[in-house]
Amino acid sequence: MHLQNCGKLASYLLSSVLALSIGAAPGTNAGAASQSVAEERSARVASRPVARANVYEAKRETVLEGTVMSYTENSQSAPTGAHVMLRTASGSVDVHLGPATYLQSRHFSLVAGESVRFAGVSVLANGASVFLARTAQKGNQFITVRSPRGFLLANGAARMLPAAERAQIKQQGGAR
Amino acid sequence: MNARPKIVALCLPTFLALLAAACGGGGHGGNGGNGGPPPPPPKFSNGSLSGQYAFSMNGTELCAGQGSFFARIGTFTADGHGNITNGLEDLNVCTGTDILQFTGGKYSIGADGRGSLSLTNSTGTTNYSISLASSTQGTVAQVDPTVTASGTLQRQNPATFSNAAIGGGYVFDFKGVEVTSTTVDPASIIGRYDADGAGGIVNGLFDSNIAGTLSGQQSFPSGTFYQMDTNGDGTGFGRGTANIAGRNFAFYVVDATRIKFIGTDFPSALAGDAFAQQNAVFNDGSVRGDYAFLIDGLNSSSPITTAGRFTADGAGNVTDIFADENNNGAVTLLPQGTVTGTYAVDANGFGGGSLTWTDTTAGTFSFIFYLISPTQAVFQETDSNIVSDGVFAAQMTSPITSASMAGDYAFVLSGVNSGGNEQDFVGQLTLDPSASFSGLLDSNRFATTTSQQVFDVLINGSLTLSGNGTGANTLNVTEVSPADTFHFTAYIVDQNRIFIVCTDTNRVLSGTLTRQP
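For the record, the sequence lines run as chains A and B. Heads up, the first sequence is in the working numbering, so the first residue is 152 and it goes up one at a time. Heads up, the second sequence is in the working numbering, so the first residue is 12 and it goes up one at a time.
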């Protein structure tokens, strides 16, 4: 234990000396000392190539309108989650909506024959085209499935509930 | 018909394991009767879980009719006889943050290291399946109908429950969600800092990836600190609070080498560990040799996980790159074409760095890292709209063979099923010298209506080594009931640890196997 603490202290002192040697004041953050390093690395990271074929690029967002041919909650093809096969004027499109549980919690359902409108981005998954929906609209019913950057809200939308609703849920109890 | 002898051979160890569990107690089967000749001394028993343990896990809770990310970390005291006598935990759930004291609980550990654990606080009792790798560490999964989660536990060293004891350099990896009033986005923050032994922090550096937006390397904003609680929770439970990378956290000390953190800036939620950083001035030469990695997180399709390996030459080049990426069922396996890559360790010597490789067919994969030591680092992917992080660790240099890998392993797996809903597994398996294995697992498969908890499920399968074993190996797992077969790629870190990633296109799953004594 003693040796371990000595090692840690030595590590701290070494870091401080190192920080001094590159210009940082002791007892402060690395700050300006690592500015050039940060800029150098930021440049390296920023120079990375554009997104791979299966990620959401908001600038490519488009709108799809059509008729539901089928709705599947547990897709056996990627991405996992609910899929709609949509008939559009230009052919059928596989639309991904994320976990069906999220749609159910918002009382949003889709059945064959319904007209629906999606906004989202088309990507490739396992070589097949799939439309990642950000929003869905059926009649007057509108649901947002993804954030503006394309991430599924299902991962934490309940955290956006109003304080009063959160308090009510907490009061209803259940082991935490 | 020819398969029958093989099935018998595979089932025999499982039968013996079941017999041991039934006779030796543990698991969810409880303590059964006994009879017959005395069994060999069990490797594990209730006495294997004795003392104070820190735990951390994150997962999905049912909230307002929907699944929602949450995290919990804390500590409990096990008396070695099946009772939880004390404890404390911090929660970050959909209704806010909470600190809850455990007033009791029970546990049972079987001969194979698997077991059950219940923890009681003022709100009720939560239930867990655990699998011990040793008496000092294990894996854990919450198995309640409305909550699933998985993580790890480690025995605490109360002698380190002070500001002075956790002074020094630390590397951290936090992940979770950052939430505003209008949206929720995945977050990964990795970095390092020096704790001065008295509550101050200097040389704090971090890189955040929020929904694919990279901060680049940043210094900690003003207000950074760490402080053990002074109300008794610090000395009693190893709890403290901190401001790291501009975020507020509670933490629990495992020992001077490891600290568990949970974010307290609700509605955002972060969780992760900090590891003592080796006392060294790092440079390109610090990254030399063979490394295996495992990362997981989210992208726009939702869960993504990647495992693989690379060789670094100590001079900025990486070769022999393998990777298996499961991007919510879209599977990319490298190499597809020719893969070449480079890396650079930051000139400031603090251990940060970047790594990039390009497959002439599959494209470019970019990462940053912070070295804990020359043999391990936290690792974050920086490709567009991908938020994924984890670790890389030096691979063993001695020959990897079926015989050298034979033994008992505890494991934990986490991911999503074909419905995109979280599922967590903990279990134990015995790998024999012929590379076949059998074992048992518990799982929790989340749903807003009827989550499914399954206990003591038989599994069997095989590990097929490829080449010298340092590359992509195959691990196929058959689950007896509910019947299912999982196809994994296994990257062997060393004789004690294996990273695995599922390559099935209808689920996402990854985790770690850790050797038992």
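Just so you know, even glycine gets a beta-carbon here, dropped at the ideal spot from N, CA and C.
CB V219 of chain A to CB L261 of chain A, shorter than 7 Å? yes
So what does DSSP say about P232 of chain B, is it helix, strand or coil? Three-state DSSP puts P232 of chain B in coil, outside helix and strand.
Chain B beta carbons: is any one of them nearer than 7 Å to that of K321 of chain A? yes
Other residues of its chain near Q464 of chain B: CB distance less than 6 Å, five sequence neighbours each side excluded: Correct list, in chain order: V154, N455.
Bounding residues of the beta strand (DSSP E) (the contiguous stretch that carries D109 of chain B): D109 of chain B -> beta strand (DSSP E) spans 107-112.
In whole angstroms, what is the alpha-carbon distance linking V237 of chain A and G247 of chain B? Inspection of the sequence shows that residue 237 of chain A is occupied by Leu rather than by Val. Each residue's alpha carbon lies about 59 Å from the other.
Every unbroken beta strand (DSSP E) inside the stretch 68-152 of chain B [3 residues or more]: 77-90, 95-104, 107-112, 115-120, 125-132, 135-143
Could you check where the beta strand (DSSP E) with L305 of chain B kicks off and where it finishes? 299-310
Mind checking the stretch 205-217 of chain A against chain B and listing, in chain order, the residues whose C-beta falls within less than 8 Å of any C-beta there? Legend: CB atoms of the stretch 205-217 of chain A lying less than 8 Å from CB atoms of chain B belong to residues N205, V206, Y207, E208.
Does chain B have any CB closer than 7 Å to the CB of I173 of chain A? Annotation note: pLDDT 31 at I173 of chain A (below 50); position unreliable, no value reported.
Alpha-carbon to alpha-carbon, N479 of chain B and G307 of chain A: Taken atom to atom, the span from the alpha-carbon of G307 of chain A to that of N479 of chain B is near 43 Å.
Mind listing the chain B neighbours of S298 of chain A? Cutoff is C-beta to C-beta under 8 Å, in chain order. In chain order: T194, V195, D196, A222.
Once the 5 residues before and after T163 of chain B are set aside, which same chain residues still bring their CB inside 8 Å of it? F66, S67, M68, Q148, G149, T150, V151, V423
In the DSSP assignment, find the alpha helix (DSSP H) that holds R268 of chain A and state where it starts and stops. Segment 266-276 is the beta strand (DSSP E) holding R268 of chain A; no alpha helix (DSSP H) there.
M416 of chain B (DSSP reduced to helix, strand or coil): Of the three classes helix, strand and coil, the one that applies to M416 of chain B here is helix, per DSSP.
Measuring only the C-alpha atoms, how far is D301 of chain B from M407 of chain B? Each residue's alpha carbon lies about 8 Å from the other.
Could you check how far apart the C-beta atoms of A256 of chain B and A287 of chain B are, in whole angstroms? I think they sit under 8 Å. For a cut-off of 8 Å, the C-beta gap from A256 of chain B to A287 of chain B is around 18 Å, too long to register as a contact.
Under 8 Å by Cβ, that's how I've got L281 of chain B and A373 of chain B pegged, so tell me the actual separation to the nearest angstrom. A Cβ-Cβ distance of about 31 Å is found for the pair L281 of chain B and A373 of chain B, leaving them out of contact under the 8 Å criterion.
So for G325 of chain A, helix, strand or coil by DSSP? In the three-state reduction of the DSSP assignment, G325 of chain A falls in the coil class, being assigned neither a helical nor a strand state.
Return the residues of the stretch 78-96 of chain B that lie within a Cβ-Cβ distance of less than 7 Å from chain A, sorted by chain order. G78, S79, F80
Secondary structure at A32 of chain B, three-state DSSP: helix, strand or coil? Residue placement at A32 of chain B is flagged as unreliable, the pLDDT there being 41, under the threshold of 50; a coordinate-derived value is accordingly withheld.
Apply the 10 Å Cβ neighbour rule to G178 of chain A and answer buried if 16 or more other Cβ atoms are within range, or exposed otherwise. Annotation note: pLDDT 34 at G178 of chain A (below 50); position unreliable, coordinate value reported separately. It is exposed - the Cβ of G178 of chain A has fewer than 16 other Cβ atoms within 10 Å.
From the DSSP output, in three-state form, read off E212 of chain A for me. It is coil, neither helix nor strand.
Buried versus exposed, by CB contacts within 10 Å (16 or more), V214 of chain A: So V214 of chain A counts as exposed.
Suppose you measure from the CA of L366 of chain B to the CA of S297 of chain B; what does that come to, to the nearest Å? So the alpha carbons of these two residues sit roughly 14 Å apart.
Name the chain A residues whose beta carbon is nearer than 9 Å to that of W518 of chain B? Here the sequence assigns Arg to residue 518 of chain B, which means Trp is not the residue at that position. Near R518 of chain B (Cβ distances below 9 Å), the residues of chain A are T231.
Do the stretch 221-236 of chain B and the stretch 322-339 of chain B touch if we need at least three Cβ pairs shorter than 8 Å? Verdict: no, contact absent.
Helix, strand or coil for T523 of chain B per DSSP? Of the three classes helix, strand and coil, the one that applies to T523 of chain B here is strand, per DSSP.
For a test of your reading of the model: does the CB of I503 of chain B fall under 6 Å from any non-hydrogen atom of the ligand MN? Yes or no. What this structure holds is no ligand at all, so the ligand MN is not there to describe.
Kindly indicate which residue of B:T86, B:G78, B:Q439 has the alpha-carbon position closest to the one of G62 of chain B. When only C-alpha atoms are compared, the closest one is B:T86.
Check this for me: beta carbons of F380 of chain B and G401 of chain B, under 7 Å apart or not? no
Report yes or no: is there a C-beta of chain B within less than 7 Å of the C-beta of Y93 of chain A? Only positions 152 to 327 of chain A appear in the structure, and residue 93 of chain A is not among them; the question remains open.
Measuring CA to CA, which of B:A122, B:S279, B:N214 is closest to K186 of chain B? Comparing Cα-Cα distances from K186 of chain B to each of B:A122, B:S279, B:N214, the minimum goes to B:S279.
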